[in-house]
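Data block below; observations after.
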Amino acid sequence: MTDVSPDPNIYDTGTEARGIPGYDSLRARVGDVAGSHRLGMSVWDLAPGCAAYPFHFHYVEEELLVVLEGTPMLRGASGWRRLARGAVVSFLPGPDGAHQIYNDGEAPVRFIAISTSGAPDIVSYPEQDKIGVFERPPGDGKLFKLFPVDAEVHYAEGIEPPVPPPAG
Numbered sequence: 034m035t036d037v038s039p040d041p042n043i044y045d046t047g048t049e050a051r052g053i054p055g056y057d058s059l060r061a062r063v064g065d066v067a068g069s070h071r072l073g074m075s076v077w078d079l080a081p082g083c084a085a086y087p088f089h090f091h092y093v094e095e096e097l098l099v100v101l102e103g104t105p106m107l108r109g110a111s112g113w114r115r116l117a118r119g120a121v122v123s124f125l126p127g128p129d130g131a132h133q134i135y136n137d138g139e140a141p142v143r144f145i146a147i148s149t150s151g152a153p154d155i156v157s158y159p160e161q162d163k164i165g166v167f168e169r170p171p172g173d174g175k176l177f178k179l180f181p182v183d184a185e186v187h188y189a190e191g192i193e194p195p196v197p198p199p200a201g
């Protein structure tokens, strides 16, 4: 779990690196540091030529993005568009809320992502044919699993007949 701070500052909160080629970004989970239980807030610093995350959508969480610095490209369900500094964009749950942020500029991009949280979420990554099942906030042994979409099993698979209770 992230250490809770009474008054975190978006400019001096610790960051976590993605460590995935093409997704060179730093993320500060400010909502967690502030002790929030039902709202997530992260500050992202996105390097030139990189995306913050793969194209995806949530089944439960709603997100709000605010561009602080730079002019990133937003890939949404209907295609690409440029976001201006100060732009605010909402991503509703479901396929129409699919999104990806990409920095095609020469300078870093900084944005804030705010999300509903506090309940498990299912995230679809349509281009990777995978689904994520996440419990928020992450860490401390909480559920955080990714599966191929075609890894479906029948409800009864692995279920054995019940063991009757002891007599008497």
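Its first residue numbered 34, the sequence shown is counted upward by one per residue in our numbering.
C-beta atoms are modelled at their ideal positions from N, C-alpha and C, and glycine is treated no differently.
- Take residue 109, set aside five residues on each side of it, and the residues of its chain with a beta-carbon closer than 6 Å to its own are 132, in chain order.
- Residue range 63–66 is occupied by the alpha helix (DSSP H) that includes residue 63.
- Within 10 angstroms of the beta-carbon of residue 180 lie fewer than 16 other beta-carbons, which makes it exposed.
- Taking C-alpha positions only, residue 137 is separated from residue 84 by approximately 9 Å.
- Residue 157 is bridged by DSSP to 90, 164.
- Shortest Cα-Cα distance from residue 151 to any of 175, 188, 143 involves 175.
- Spatial neighbours of residue 153 in its own chain (CB-CB distance under 8 Å, excluding positions within 5 residues in sequence) are listed in chain order as 93, 166, 167, 168, 169, 176.
- Residue 144 places its beta carbon 8 Å or farther from that of residue 72.
- Assignment of residue 103 by DSSP, reduced to helix, strand and coil, places it in the coil class.
- Proximity to residue 64 across 113, 41, 96 peaks at 41, based on C-alpha coordinates.
- Looking at the DSSP output, residue 143 bridges to 78, 102.
- A distance of 8 Å or more separates the beta carbons of residue 54 and residue 160.
- Checking the DSSP bridge columns, you'll see residue 96 partnered with 124, 148.
- With contacts defined by Cβ atoms closer than 8 Å, residue 134 and residue 107 form a contacting pair.
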